[in-house]
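Asker:
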Amino acid sequence: MPTVLGIETSCDETAVAVVGDRYANANRTLLSNVVASQIDLHRLYGGVVPELAARQHLEMINPCLDQALAEAGLGWDQIDGIAATTAPGLVGAL
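Structure representation (C-alpha cells):
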C-alpha cells in the first residue's frame, strides 16, 4: 500500500499526518499526526479571522511537515502521494 502524507488547512488548524504500512502485509496505519492549533490567537477576536489564519498556516506548515515526517520515521523519498484539503474552507487558508 502507498504511504500518503495528508495536509489539512481549511480553517484555523494546520495539520499534517502520514498514513502507510509500518510492516509488510499490515493494515494501513496512522504513522504520525501533527496539529498546530490557532485557538489562542483567534480567541482574542471572538472567532476565526481568515487573514490571521492564512498567515499562521504559512508560518506553521513547514514545521508541521518536518515533525510529521520525523515522527513517521520517513523522508520525502518514501512518500508515495500527498492529499490536501481543497474545500470547503476559508479561501485564504486552502
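Just so we're aligned, residue 453 is where the sequence shown starts under the working numbering, counting upward by one. The beta carbon of each residue, even a glycine, is placed where N, CA and C say it ideally should be. Since this is a predicted model, take the numbers as computed values, not measurements.
Look at the alpha carbon of L521 and the alpha carbon of A535, and state the distance between them as a whole number of angstroms.
Answerer: One C-alpha to the other measures close to 14 Å.
Asker: Given a threshold of 16 other Cβ atoms within 10 Å of its Cβ, counted over all protein chains shown, does V468 qualify as buried or as exposed?
Answerer: Buried is the call here.
Asker: According to DSSP, simplified to helix, strand and coil, what is I531?
Answerer: Of the three classes helix, strand and coil, the one that applies to I531 here is coil, per DSSP.
Asker: What does DSSP give as the partner residue(s) for L457 in the beta ladder?
Answerer: Paired residue(s): V470 and I534.
Asker: DSSP puts N514 in a beta bridge; with which residues?
Answerer: DSSP, once it has assigned bridges, lists no residue as partnering N514.
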